[in-house]
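Numbering-wise (the numbering used here), the sequence shown opens with residue 14 and increments by one.
Below is one structure, written out as structure tokens; comments come after it.
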Amino acid sequence: MNPVPPPPATATVATGNTLLWTSEADTQAFAVRLADALQAVGGDAFIALHGDLGAGKTTLVRHLLYALGVTGRIKSPTYAVVESYALPAFAAWHLDFYRFNNPQEFEDAGLRDIFVSSGLKLVEWPDKADGHLPAADWHLHLSSAGETSRTVQLRGHSARGAQLWSACTGP
Ligand SMILES: Nc1ncnc2c1ncn2[C@@H]1O[C@H](COP(=O)(O)OP(=O)(O)OP(=O)(O)O)[C@@H](O)[C@H]1O
Ligand SMILES: [Mg+2]
């Protein structure tokens, strides 16, 4: 007998700028749509990812980078602070400022150059570099709503961010 197929991913739009991902498949489905939307704008975007430990920030980034064509292991940058990727169409950086004791460490680590470069910047724990980052295209807040459920809120965005959000959540 064939195994029962998994339920389809839904990436439900709950209200306006809030989503509910009921499983990691939903997270992945959203990442695939985001990858398409980013490709369409040339990949130049800064996405700030907020949320507690284990909220799913790195998981979303992994699905996104795989959808953008990264092969092999995607390491969490919690210790290295930044991981760089040369994608076929654009550069991408995955950063995690969790271990910063002071926002000044952003400057000391020489990270400003990344944010004046064209490409995709995905940042976990952006508040730890408060006052040093440019305006983000998305401020995405993830929170656990159960073992595999995650509530996702877009709490701030640029004009480009609004365009990306429509592309990710529209019909
Ligand atoms: N719907 C979901 N979306 C994302 N992750 C999920 C989901 N359901 C379960 N998970 C699990 O939750 C965990 C999320 O861990 P992850 O490392 O992505 O969190 P994080 O927000 O990056 O935490 P940290 O602040 O420590 O870096 C993973 O083990 C992942 O498999
Ligand atoms: Mg993480």
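All C-beta atoms in this analysis are idealised placements derived from N, C-alpha and C, irrespective of residue type, glycine included.
Since the model is a prediction, treat every value here as computed from it, not as a measurement.
Strictly closer than 7 Å from CB to any heavy atom of ligand 2: give me those residues in the order they appear in the chain. Lys70, Thr71, Ser89, Thr91, Asp109 and Glu137
- [ ] Please classify valine 136: is it buried, with 16 or more other beta-carbons within 10 angstroms of its beta-carbon, or exposed?
- [x] Mapped onto the sequence shown, residue 136 falls at position 123. When all chains shown are included, valine 136 counts as buried.
With a CB to CB cut of under 7 Å and the five nearest residues on each side skipped, what residues in its chain are close to histidine 145?
-> Locating residue 145 in the sequence shown gives position 132, counting from the first residue. For histidine 145, where only same-chain residues beyond five positions count, the Cβ hits under 7 Å are Pro116, Phe119 and Glu120.
**Asked** Whole beta strand (DSSP E) runs in the region 121-184 with 3 or more residues, listed along the chain?
**Response** 133-137, 151-157 and 163-170
| message | Between the alpha carbons of alanine 61 and lysine 70, how many angstroms are there, rounded? | response | Translated into the one-based positions of the sequence shown, residue 61 becomes position 48. Translated into the one-based positions of the sequence shown, residue 70 becomes position 57. Those two C-alpha atoms are separated by around 10 Å.
What residues in its chain sit with their C-beta under 7 Å from that of alanine 148, if we drop five residues either side in the sequence? As a first step, residue 148 must be located in the sequence shown, where it is residue number 135. For alanine 148, where only same-chain residues beyond five positions count, the Cβ hits under 7 Å are Ser171.
Subject >> Segment contact flag, the region 100-112 with the region 66-83, C-beta cutoff 8 Å, min 3 pairs >> reply: yes
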